[in-house]
Structure formats: structure tokens, C-alpha cells
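From first to last, the protein sequence lines stand for chains A and B.
The letter at position 257 of the first sequence is residue 244 when you use our numbering, and the numbering goes up by one with no holes.
Going from the second sequence to our numbering is simple: count from 1 and add 1.
Note that CB positions come from ideal geometry on N, CA and C, so glycine has one too.
A short write-up of the structure that comes next.
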Amino acid sequence: MSWKEELTKKASDAQDKPAKFGEDIDISQFREEASVVQQVASISQLPDDVAGNAKSVGINPDEDNRSGTFFQLDHSVVLACQKKEMEGVEVLSTTQAISQYDWLKDYYWKAAAVDADKYTAMAELHQNAGYFIRAKAGARLTMPVQACLFIGTQGLVQSVHNIIIAEEGSELHVIAGCTTHPSVSSGMHIGVSEFYVKKGATVTFTMIHGWAEDVDVRPRTGAIIEEGGTFISNYICFKPVRSIQMYPTATCVGKDARVRFHSLIYGSKNSLFDIGSRVFLQAEGSRAEMTARIIAADSSRMISRGHLIGEVSETKGHLECRGLLLGNKASIHAIPEIEGKAEGCDLSHEAAVGKIQQAQLCYLMSRGLNEEEATALIVRGFLDPEIPGLPEHLKYEIKRTIEMTSEKVM
Amino acid sequence: MSLLEIKDLHVEIGDSISGRGSTPAKGKKVLNGLNLTMEQGEVHVIMGPNGSGKSTLTMSILGYPGYEITAGTITFSGTELNPMPIYERARLGISIAYQTPPEIRGVKLRDIIRIAGSKPLWNPQDEPEENIATPLLKKVGLNPEQFRDRDIGVGFSGGERKRAEIAQVFAAMPKLMILDEPDSGVDIDSLKTIAVDLGEYIKENACACLIITHYRHILPYLKPDIAHVMCGGKIMKSGNPFEIFTKIEEKGYCEYLGLCPPGIKEETERGMKI
Chain A
-12 MSWKEELTKK ASDAQDKPAK FGEDIDISQF REEASVVQQV ASISQLPDDV AGNAKSVGIN
48 PDEDNRSGTF FQLDHSVVLA CQKKEMEGVE VLSTTQAISQ YDWLKDYYWK AAAVDADKYT
108 AMAELHQNAG YFIRAKAGAR LTMPVQACLF IGTQGLVQSV HNIIIAEEGS ELHVIAGCTT
168 HPSVSSGMHI GVSEFYVKKG ATVTFTMIHG WAEDVDVRPR TGAIIEEGGT FISNYICFKP
228 VRSIQMYPTA TCVGKDARVR FHSLIYGSKN SLFDIGSRVF LQAEGSRAEM TARIIAADSS
288 RMISRGHLIG EVSETKGHLE CRGLLLGNKA SIHAIPEIEG KAEGCDLSHE AAVGKIQQAQ
348 LCYLMSRGLN EEEATALIVR GFLDPEIPGL PEHLKYEIKR TIEMTSEKVM
Chain B
2 MSLLEIKDLH VEIGDSISGR GSTPAKGKKV LNGLNLTMEQ GEVHVIMGPN GSGKSTLTMS
62 ILGYPGYEIT AGTITFSGTE LNPMPIYERA RLGISIAYQT PPEIRGVKLR DIIRIAGSKP
122 LWNPQDEPEE NIATPLLKKV GLNPEQFRDR DIGVGFSGGE RKRAEIAQVF AAMPKLMILD
182 EPDSGVDIDS LKTIAVDLGE YIKENACACL IITHYRHILP YLKPDIAHVM CGGKIMKSGN
242 PFEIFTKIEE KGYCEYLGLC PPGIKEETER GMKI
């Protein structure tokens, strides 16, 4: 059996396996076929409503300040390129990368399990492209690569497999924006993402979700960080969705590897979010920090998980969840777990869930803000993205995107 | 027309108010027929034992929810304040330096100073060098480089907190500033700089000032016109601030007000009942 056949077999066996967390979705209710969309030379050639929605999730339509761009509309990769002068980076569709690079089999499904659940199985058996981004050894790309996964057909299930490799000593920033066409109200997105952060490399990955209200989303993410490597993953979602369940997992396999997970989530309407992050600290000197800022408004239900596992000594990790409840119909459930398996691992967690304090509101009002303005200021402040490790211009840009999105929804 | 005119004020406080040491139970009468008149530019000191209603008086002037006026009126520049919301009173020219401001994560000190001055939040695109909060922070002795981008109150020392409050009051350019125990939890050196700043500001801007305090240290800088002693929810005595302080320091509230025989001070500690 070839490696590919082995994966197919494993996936087939897991086809009906429900995920450990989250509502079990009947994938068959969604359509699999989508019409083929022609390739474009730049995002500007895409229809305005496509480019416009992509922009709201951090995708820069004129591709300025980007090292490269990947754009997938339904199942069609319409754009995958890097800027000419950016020799240190490569952006391809995963399908093409696999046919092009034989060595990729050593990475494919190595950071995430193909038989984890029916969604990973789906991503293998009915894969619709996804992106492959590679920063070559020593390349320091301060301009991010942008990748957009876009659902343009009503009721479609899109299942992609992304692979991100930062070779030794490289620096790679990725902005991944996922959204739907204005005419789409329901659908499903399954996204497998595997990260390989090699010795001394740095990857920041900022994922911005802006789905339609009746979309189910099941990302499946794994990251392997080698000696002295840094992986920073930011997740931002301010728009209502039917359900999102994910539990990205990072494993520090090399000495002094570092991981940071940071999520900013504004749950509204009937959204169901079950979001976690898990880090295995398997090498001395490895560190992890996981923070979640969660707002629950309307009838949203938010579950914030975290799992920190210290397997060897001289490791350190902290897990933090702050939740803000707006209204009496919403709920936040924080489930932090820490597990120390060796003497000398230093692990901690803190979680706090509450509503806006009357004292804070009155304080701001006594400075001249009305109640709505005061609430908005507290909410924005709560979601203030203090994300270390991002280049200054990228930090500013993400902040702008957040402000743009939050103005629309809050 | 007086700047502030409080006539026969009766206030009850509800159970929505929490976190204050001396909060009585629901529907508790705290102010019982308080009268106070302030003219433009006047400096008044309010003192009184714990539980005498000093904080309730400030909260009632500010318009905090949960402080229910059951009788009487508060008039500011000829406008009846009840039931005007807090922010409208702020816009009329009433500004307070809180005794214990809350911490608000993610809201920057520079922005709250700008808000107090009715200016928009700082946007580096339009205003590369922040120029509203920066000079005010300097004025109150907080290094703008260090404090501009700090979250409100988070990790501030007692003195820093007071200075940050005063910067907001200055930004508001109020007609009436209320200083709620500006001298509590502040070391003597900080107290002096704060008091000097305040004194200059009051003089230059002819700003009226209502100071709640237990101590006399800052009075020489603020040059109060009159002091009032509160007890049991009303003003019991008014007069020359320095004379009153001297007498209270000598005799204690109880004896000074002639409410209990000399030597019984415990009652004063708990708040007097009359």
C-alpha cells in the first residue's frame, strides 16, 4: 500500500467518527460540488463583493505589503503566488505542492491525525486544495503572506488542507482570512492546518473568521515547534456563526521552543463557539502562553478550553481566559486544564467570567460618555489586541481590521 | 444665581450600590435635609465622620444610579439636575477626582483624559504626536511616555491614581470640581505637588471646588473659603476651615458637635446616629 493509500484507508475508517467536542454535524446535508472558477492574476480581478468580504477578514485586495497571496473560491484556487522579489517564500495550492514535492509526504498529516474524527477524514477523502506556504531557510519575511478561503456557493462544504513550513532560521507571518459571499447564508468549512516551525524559525499566524450566520466550521490544527522556534497563533472572530469547534494543538519538541495562542472572540446571536488550545511541552526550556478574551452577547454560548501539558522539567506555561457577558441569555464556560508530568514544570491558569461592572460604566459616564459609548469603549478595550511578536505595521493593520469588524457588529 | 444650590436634600440608597465600606441596607436614608450653596470659584471643604453621608452627597450631585432623591433639589447654574443622567451633568461642567477609581483594562489613560476633554480617542494617523493628554500628564507629574498608553488604573500606585484623576479633571475644564479624599493613600511629597497643581488651577480658572477630606494638609494650597461638618446626613456646622479643623483635632467630632459626652469616641468611629 502506498502512503497515500494508507491515509485513505485510515480516513475511510474514521468517516463516521464524531469529534470529541462540539455538536456532531451531518456533513451529507451540504453539497460537495461547486463550479470551477477561473484563475485570476490579482484579487482586483475578482468581483467586488468577493474582494470586499475578503477585505473584512484582513485580505488586502491590492496585495500591498504582502509577500504573497493565496485565494481559494469554493474548491478553485484562483490565485497562488509570491511577489517576484520575495525569493524566500513559496505559495502554492497543497494539491500542486504534493505533486511537485515528493518530500512533502514526510509532513502530510504528521502534525494532525487523519483519523481524528469525521472532519479530518473528510478533508483527506474529499480534499479541495488548501494552501502550502514555505519560508525557505534563513528567509526573513516581515511582510505577511495572505491566504483567503472563501465560500461562494450556498450550502457548500469546503474541506481544505493547509501546510505551513518555516525552515531553519526563517521568519514567516501569515494572515488567513475565511469568509463567505454576501449571498451565502449556510455552508460548512473544514480546514486542516499543519505547521512545522524548524530550528530557530518564527511563525505568526493570524486567522480572522467572518462567516455567515448559518455556517458550521471545524478547523483542525496541529503545530510542531523545533529547537528555539516560535509559533504565535492569533484567532479573531467577531461575526455570528452557527457553530465553530476547534482545539488547535501545538507540540514543543525542541529545546526553548515557544508557543503563544491568543483568541479574541465576540459571540453574538445564536452562535455556538467551542474554542480551545492545547500545548505539549516536551523539551526543556519550552514555554507556552495561552490567552482568550471572550465576549458573549445575545444568545451566544461560548466554551473556552485550554490544556497545558508539561512533560519534562524546566518548562513553563500559563493559561488565561477572561470572559465578558453582555446580557442574560448568553453564557461562557471556561474549562482550563493543566497537567504536570515532571518535577520542575511551572504551569498555571486563571479564568474570570463576569459582566461589565457598574462602577466602570459610571466612571466613564462621569467623564461625559453616554451608556452605549461607555459600554462600547469597555468592550473594545477588552478586545484590545496586545499581541507580542508581530511586526509593528502588522499589529496596526490587525487592529484596524478589528476596529472595522467591530464597528459593524457591535 | 448660585453655581450649586442644594436645598433640603433627602437621599436613600438602594441595594445596587456595592463595594463601599459604609453601605447601609436597601432603602436606607442617608441624607436628611442637606442644604449647601456654592458660588462660582468658591472652595468648600466637607468633613465628617465615616457614614455621615459625604460620599452619598457627591454621588447624588454626580447622578449615580441607586442614589434616590426622595425630597429636595440640586440645582447647577440654574438647571435642576434630577433626573439628568451622569454624562449630561459632566457635560454641564461637573467633574470629579475619585477617591478609588476602578481599573479598566484595555482603555488607555490618554483616551480617558481626551474623553474628559470632549476630544476623540487618539488616532495616530490624524495626530502622530498625541497632544491633548500629553501636556496634562506632564502637568500633574506623570511621565507621558510611561503613562499615556497604560490601562486605566491598572498597576497604578496610590499617588499615580490621584494624579491620573486630576489630569482628567483638568482636561474637563469644569465649573465645579469635586475632590473625593484627594489626600488619602498619598505620600507627603506627592500630596504637596498634587495640592500645588490643584491650587494653581483653581485660582487661574476660577473653578469652584468641593473637597472631601479628613486632613488639613492640602488646605493651605487650596485656600478654602469655608468648611462644613456633616453628620447624620446633613451639615451640622459651617465656618472657617482652619478653626474648625483645629477644634475637631482637639476634641473629635462627637464632642465638637455636642452630640455625646467627652470620651465616647466609639460611636463616632461607627458613624453617628442622631
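Checklist line | Segments of 3+ residues assigned as beta strand (DSSP E) that fall wholly inside the region 17 to 69 of chain A | finding: 55 to 60 and 63 to 69
Note to self: Between which two residues does the alpha helix (DSSP H) holding A/Thr189 run?
What the structure shows: Per DSSP, A/Thr189 belongs to no alpha helix (DSSP H); it is in the beta strand (DSSP E), Thr189 to Gly197.
Margin query: Going by C-alpha to C-alpha distance, which of A/Ile162, A/Arg274, A/Leu381 and A/Arg18 sits closest to A/Gly142?
Written below: A/Arg18
Check: Does the separation of the CB atoms of A/Leu348 and A/Glu358 fall below 8 Å?
Finding: yes
Check: Along the chain, where does the alpha helix (DSSP H) that runs through B/Phe77 open and close?
Finding: It is not in any alpha helix (DSSP H) - B/Phe77 instead sits in the beta strand (DSSP E) that spans Tyr68 to Phe77.
Next item on the list: Could you check the C-alpha separation between B/Leu223 and B/Arg92 for me, to the nearest Å?
Entry: 24 Å
Checklist line | Contacts around B/Met2, its chain only, beta-carbon distance under 8 Å, and the 5 residues preceding and following it disregarded | finding: Ser78 and Gly79
Check: Quick one: which chain A residues come within Cβ less than 8 Å of B/Ser119?
Finding: Gly355
Next item on the list: Kindly indicate if chain B contains any beta-carbon less than 8 Å away from that of A/Cys349.
Entry: yes
Notebook entry, point to check: Are the C-beta atoms of B/Arg92 and some chain A residue less than 8 Å apart?
Noted result: yes
Next item on the list: May I have the straight-line CA-CA distance separating B/Pro125 from B/Ser158, to the nearest angstrom?
Entry: 28 Å
Notebook entry, point to check: Applying a beta-carbon distance threshold of less than 9 Å, which residues of chain B neighbour A/Gly368?
Noted result: Ile105, Arg106, Gly107, Val108, Lys109, Asp112, Asp152 and Ile153
Next item on the list: Have a look at A/Cys308, A/Ser335, A/Arg288 and A/Glu(-8) and flag the residue whose alpha-carbon is nearest the alpha-carbon of A/Ser318.
Entry: A/Arg288
Notebook entry, point to check: Quick one: is B/Pro25 near chain A, going by C-beta distance under 8 Å?
Noted result: Confidence is the limiting factor: at B/Pro25 the pLDDT is only 47, short of 50, which leaves the residue's position unreliable and the question unanswerable from this model.
Next item on the list: Figure out for me which residue from B/Lys176, B/Met178, B/Asn206 and B/Glu166 has the closest Cα to the Cα of B/Ile113.
Entry: Closest by alpha carbon: B/Glu166.
Margin query: I'd like the list of long-range same chain contacts for B/Glu81, defined as Cβ closer than 8 Å, with 5 residues on each side in sequence excluded.
Written below: Thr74 and Ile75
Item checked: Coarse secondary structure for A/Glu390, derived from DSSP in three states -> Of the three classes helix, strand and coil, the one that applies to A/Glu390 here is helix, per DSSP.
Margin query: Comparing C-alpha positions only, which one of A/Gly331, A/Lys226, A/Val240 and A/Met277 sits nearest to A/Phe248?
Written below: Nearest C-alpha to A/Phe248: A/Met277.
Next item on the list: State buried or exposed for B/Leu180, treating a residue as buried only when at least 16 other CB atoms are found within 10 Å of its CB.
Entry: buried
Margin query: By alpha-carbon positions, which one of A/Tyr383, A/Thr362 and A/Pro378 ends up nearest to B/Arg106?
Written below: A/Thr362
Item checked: Distance, B/Val44 Cα to A/Ser255 Cα -> 49 Å
Next item on the list: Put A/His380 into one of helix, strand or coil per three-state DSSP.
Entry: DSSP places A/His380 in helix when its eight states are reduced to three.
Margin query: According to DSSP, is B/Asp112 part of a helix, a strand, or is it coil?
Written below: Note: B/Asp112 maps to helix in three-state DSSP.
Checklist line | Cut-off 6 Å between Cβ atoms - residues of its own chain near A/Phe119, not counting five sequence neighbours on either side | finding: Cβ-Cβ distances below 6 Å link A/Phe119 to Leu79, Thr81, Ala84 and Ile150 in the same chain, with the five nearest sequence neighbours on each side left out; the list follows chain order.
Note to self: Using 8 Å for Cβ pairs, my map puts A/Ile30 next to A/Glu50. What's the rounded Cβ distance?
What the structure shows: 6 Å
Notebook entry, point to check: What's the gap between the Cα of B/Val12 and the Cα of B/Tyr68?
Noted result: 6 Å
Note to self: Any beta carbon of chain B sitting closer than 8 Å to that of A/Ile365?
What the structure shows: yes
Note to self: Give me the residue from A/Glu326, A/Gly297 and A/Gln344 with the minimum Cα distance to A/Gly310.
What the structure shows: A/Gln344
Note to self: I need the straight-line Cα distance from A/Gly215 to A/Met130, nearest angstrom please.
What the structure shows: 22 Å
Notebook entry, point to check: At a CB-CB cut-off below 7 Å, which residues of chain A make contact with B/Tyr88?
Noted result: Under the 7 Å cutoff, chain A gives Met352, Gly355, Leu356 and Asn357.
Notebook entry, point to check: Can you list, in chain order, the residues of its chain whose CB lies under 6 Å from that of A/Ala110, leaving out five sequence neighbours each side?
Noted result: Answer for A/Ala110: Ser146, His148, Ile177 and Val179, listed in chain order.
Checklist line | Nonlocal neighbours in the same chain, by C-beta distance under 6 Å from B/Ala168, ignoring five residues either side | finding: Answer for B/Ala168: Ile114, Leu137, Leu138 and Val141, listed in chain order.
Notebook entry, point to check: If you drop the 5 nearest sequence neighbours on each side, which residues of the same chain put their C-beta closer than 7 Å to that of A/Val27?
Noted result: Contacts found: Leu33, Val65 and Leu66.
Notebook entry, point to check: Can the beta-carbon of A/Ala275 be found closer than 8 Å to that of A/Leu268?
Noted result: yes
Note to self: I want to know whether the region 186 to 195 of chain A touches the region 213 to 227 of chain A - three or more CB-CB distances under 8 Å.
What the structure shows: yes
Margin query: Below 8 Å on the Cβ atoms is my contact criterion, and I expect A/Asp209 with A/Ala99 to pass it. Report the Cβ-Cβ distance as a whole number of Å.
Written below: The identity of residue 209 of chain A in the sequence shown is Gly, whereas the question assumes Asp. The pair is a contact, with the Cβ atoms about 4 Å apart (cut-off 8 Å).
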